[in-house]
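Numbering follows UniProt numbering, with no gaps: position 317 of the sequence shown is 317.
Ideal placement from N, C-alpha and C gives every residue a C-beta, glycine not left out.
Notes follow once the structure below has been shown.
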Amino acid sequence: MDPYFRELYGSRWPTLKSALKEEVRHIALVNPFCRTSEHERRRQLGEATANVMGLQVHSRAEPKDGSGGTYPVPPSDQAGVKAWYWMDLASLLPPLALRIGETDAVLDVCAAPGGKSIVMAQRLFRRHRVGSGAEGQAAGGCLVCNEMSASRRKRLNGVVSDYLPADVRSRVRLTGCDGTKLREHGVYDKVLVDAPCSSERHILMQRGPTRDHRSSRSKASPPVIDRWSPKQCKSFAKTQYAILKSALQCLKPGGRLVYSTCSVAVVENDFVVEKVLEKFGDPEGKIAVRVAEDRGFPDPKDRETLEQLGCERTNHGYCMLPDRSKFGPIYWCVLERVKGGRAVGAEDGTKAAGATSATIN
């Protein structure tokens, strides 16, 4: 692992590796659908709050305490809706980059465990928050949360049930499709592909050998870090590309897709995007895509927030790495579907400003 990432990150790698081995820092994402009191929330979480691009969080971004205790368990209101969700702050950014509108049809392709789905639901159904005056009314948009793994889908269902009230859940559908073979072409305004990846932070946080429970012998398997390889990254990249190609076809013309991973390997991030752009480069094809010029955040204030949080621009998107931000890692890139090589609404014969075009046939 070290030679591979030293070549990518140079003298930065030892510092980044050290940060990746530390406990993940979390924030509490406040659930606006929950009716528990603000006083009770502040009593358990403290007074330190922040607004991250429209999402309210408690910035108690600390690892689990040394005594082995856990983060405060969120209370539930009378309807059983929980008050907050613990997550890495970096995980807020890919769904926020979608710029979800209230009437959008939204697809989360690899949705488990469900944190990003909760973020998208908060944006999609924001008029239905407690005290908004719109509670119980029919929603305009819809959210489809897809997860192929049955066990992970069960966990996802639990998160959706715990964090969304009944009227909002009626606009959320769970599916179990293979992400590489999606069939709802041209249906969605916004799509999130938070793809499976090599997850180096998880690997580096595993300490010591693991037990092989498939064997009758009590024999230790090699440490997880010893099973990591560049070949594994390339294997993930192939799967990521297949999912991304499939998901792009689900977009309506003018729709947006955010591709994200928690890998620090460029081959799983910008290189996957480049493969899409290079392989399907005919702007006159049936479905053309481009990298969004605004990278998901057109507001200068939001871009300033990204900079303050320690986010870094890549060739096609952004990354957030824990040696500079204390959160992550996360990578994301925003892709837009265009038709006939021009943006929806652009003047005839004029290609939309922005990025490289690509086509999926």
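If you draw a straight line from the Cα of Lys238 to the Cα of Ile330, it is about 19 Å long. His128 and Phe33 have their alpha carbons spaced roughly 7 Å apart. With respect to the 9 Å criterion, Ala83 and Ser76 are classified as neighbours on the basis of their beta carbons. In terms of Cα proximity to Lys154, the closest of Ala112, Gly10, Thr180, Gly141 is Ala112.
Uninterrupted alpha helix (DSSP H) stretches at least 4 residues long and entirely within the region 246-308 occur at 270-279, 300-308, given in chain order. Its Cα nearest to that of Trp86, the residue Leu29 stands out among Thr36, Thr305, Leu29, Arg313. Judged by DSSP secondary structure, Thr15 falls within the alpha helix (DSSP H) whose first and last residues are 13-20. In this structure, the CA atom of Ala105 is about 13 Å from the CA atom of Ser117. Each of Ala50, Glu40, Asn51 was checked against the Cα of Pro74, and the nearest Cα belongs to Glu40.
By the Cβ criterion, the region 320-330 is not in contact with the region 240-255, since fewer than three pairs of Cβ atoms, one from each stretch, lie closer than 8 Å. Looking at the DSSP output, Ala242 shares a beta bridge with no other residue.
Under the three-pair Cβ rule at 8 Å, the region 179-193 does not count as touching the region 150-164. By the C-beta density criterion, Glu336 is buried, having at least 16 other C-beta atoms within 10 angstroms. In the displayed model, Ala83 falls within coil according to three-state DSSP, outside both helix and strand.
His202 sits in a helix when the DSSP states are folded into three classes. DSSP places His58 within a strand segment (E or B) once states are collapsed to three.
In the assembly as shown, Ser260 is a buried residue. Its beta-carbon has 16 or more other beta-carbons within 10 Å. In this structure, Ser59 is the residue among Arg227, Ser59, Met53 with its C-alpha nearest to the C-alpha of Gly46. Under the three-state reduction of DSSP, Asn157 is assigned to helix. 9 Å or more divides the Cβ of Val191 from the Cβ of Leu96.
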